[in-house]
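Numbering (this note's numbering), first residue to last: 20 to 638. Have a look at the structure below, then the notes.
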């Protein structure tokens, strides 16, 4: 027959010759069963209720692995029991020998010798296993729930993962048993190599009592492990790992600890790491239950000057929660350092990656960027509710930042490649910026639109400021624009009055034919005037000239929260020599003073070359 179908099994290419020889019927041929080609030669006899089969030769190929009968063997079937008399198979150059009986009750023995570990490569792409396997197995008891005893020895073992980790060839030796009622019982298990050693013993039974321990350690000061990818490597140094399980399957006590001298990525390196996980009632079968953990690191080196100071000294992270089938519930968590005290709670979905966390942090303001420290108290508090949905959209609600006289509240989100942010705040005491100033300011920042080019707006308001005996009233700074790196645009205005003299500042950032310009730069405050137009290069360095006509600089100084008097007239010209930016100043003053410094009848004609990197003054 070309093919025969029985249920879901398709047998193709049937080609079998049958020959009668007395009580025996000889057979020779082959077929493909479920895409597994097989051939066999031998004879069969049925007499007195017993079916006897003698196999002279045979072979089958499963996923490219050839298994062949190594020597003639026989089996018989009587009263529903199959008896196998030393069936020896050559599998990939190794051997498997099976003897015993099979019926509703099993009594089978198997012996493995020199089986190549590479046989597993066809079943697990990328495994790239090497080494040889030997051992024995005994299967007894009901076929629906058999008891299995085993011993296994794997020598010269390597896989792509162990090679990447640099472990070298490994030797594994284990003996134990398995049953559905008793779980896995390990009499002994050892792993040995040039760089690693491990031992395990005990019982793991998801349906009953467990008592299991595993200890792994480096054979030197530490075991270097290379994980991750070429683009994002993770380099570990493992010194020790311990796992202990005890108690009933659904209420097991679980303890895991590890010591890692270092963990390094492209962005950070942590040193002196100790990890500990604990559960009083862990369900081994469902892998669920309450769990708590602590991780400490003696030092974290981070290639981020903004965050690195917050992680100075010893870092301790703690978490307590519950692991469910598809969710991690975090009842409480914290990360603390010498300058940081933070906490969090919420849940993380293992099914779709959704995150819902409430965050809080108190940090020493001295560890924050220098640009913001001046308006902060000794410590700064931050809180937020962070959400990430299954599609990767992120929302931060109830954002609140408080430190002394400074406060800010708002929300932000990034969803479907669109950004939305709305933050409002206040500085209740502007004297933190200058001892010459008194008063308060409020501000509001908004962003809306495509993530690569959102619409931006910033407003800063103050009803009244007092600076160096001058009153600044109705102050309002407004900036609106497009946050497009390729084609930025903005309009900026500042209005108000200083001692009843009107203030008006205007400027526009525009992009024309791929080039950036500041158009219509103008400032008027009473009789003081500043004006000009500037071009900006790719690094936003200015080119052009700004004209100064300042008969009384004191109100302008008040805007800068400074105290100064005098007059200045002249120009400031921005240019470039090669790649170095220059600024030329030509100005005159009849008199000028600030604090204890004063000058009269001064003329300035100076050039400051390369004023950003290595300024050189001439003139």
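Every residue gets a Cβ at the ideal spot worked out from N, C-alpha and C, and that includes glycine. No experiment lies behind these values; they were computed from the predicted model shown.
Query, Result
"Closest residue to residue 392 among 410, 334, 451, 335 (Cα-Cα distance)", "451"
"Close beta carbons around residue 461, own chain, < 6 angstroms, minus the five adjacent residues each side", "445, 480"
"Close Cβ partners of residue 119 (< 7 angstroms) along its chain, the five nearest in sequence each way excluded", "103, 126, 127, 128"
"Residue 449, DSSP secondary structure in three states", "helix"
"Where residue 140 falls, given that 16 or more other Cβ within 10 Å makes a residue buried", "buried"
"Exposed unless 16 or more other CB atoms sit within 10 angstroms - verdict on residue 310", "buried"
"Sequence-distant residues of its chain with Cβ nearer than 6 angstroms to residue 400 (five each side left out)", "381, 421"
"Three-way DSSP call (helix, strand, coil) for residue 238 in this model", "coil"
"Through-space distance from residue 315 to residue 256, alpha-carbon basis", "15 angstroms"
"Given 8 angstroms, three or more beta-carbon pairs between the stretch 397-413 and the stretch 371-388", "yes"
"Residue ranges of each beta strand (DSSP E) within the stretch 284-331, 3 or longer", "287-301, 308-321"
"Within 8 angstroms, strictly: CB atoms of residue 556 and residue 562", "yes"
"Alpha-carbon to alpha-carbon, residue 431 and residue 308", "34 angstroms"
"Alpha helix (DSSP H) segment containing residue 179, residue limits", "179-184"
"CA-to-CA distance, residue 34 to residue 22, given in whole angstroms", "10 angstroms"
"Residue 285 burial status per 10 Å Cβ neighbour count (16 or more: buried)", "exposed"
"Residue burial classification, residue 184 (beta-carbon count within 10 angstroms, cutoff 16)", "buried"
"First through last residue of the alpha helix (DSSP H) which encompasses residue 573", "573-578"
"Limits of the beta strand (DSSP E) - the one that residue 391 falls within", "Per DSSP, residue 391 belongs to no beta strand (DSSP E); it is in the alpha helix (DSSP H), 389-392."
"Nonlocal neighbours in the same chain, by C-beta distance under 6 angstroms from residue 260, ignoring five residues either side", "235, 277"
"Paired residues, beta bridge with residue 258 - DSSP", "Per DSSP, none; premise fails for residue 258."
"Closest Cα partner of residue 408 within the set 597, 37, 375", "375"
"Residues near residue 499 by beta carbon distance below 6 angstroms, same chain, minus five either side", "476, 510"
"Extent of the continuous beta strand (DSSP E) run through residue 416", "413-422"
"Under the three-state DSSP convention, the category residue 141 falls into", "helix"
"Of the residues 621, 622, 216, 628, the one placed nearest residue 592, counting alpha carbons only", "628"
"Residue 636, buried or exposed, once every other Cβ within 10 Å from all chains shown has been counted against 16", "exposed"
"For residue 466, the nearest candidate out of 306, 145, 442 (CA to CA)", "442"
"Backbone secondary structure at residue 505 - three-state DSSP", "coil"
"Helix, strand or coil at residue 113 [DSSP, three-state]", "strand"
"contact_flag[the stretch 332-342, the stretch 356-366] where n(CB pairs < 8 angstroms) is 3 or more", "yes"
"For residue 395, the residue or residues it bridges with in DSSP", "For residue 395, which the question treats as bridged, DSSP gives no partner whatsoever."
"Cross-strand partners of residue 214 (DSSP beta bridge)", "Answer is none; residue 214 lacks a bridge partner."
"Contact the stretch 50-58 vs the stretch 78-98: 3+ CB pairs below 8 angstroms", "yes"
"Collapsed DSSP secondary structure at residue 386 in the structure displayed", "helix"
"Beta-carbon contacts of residue 153 that lie in its chain and below 6 angstroms, excluding the five residues immediately before and after", "131, 132, 172"
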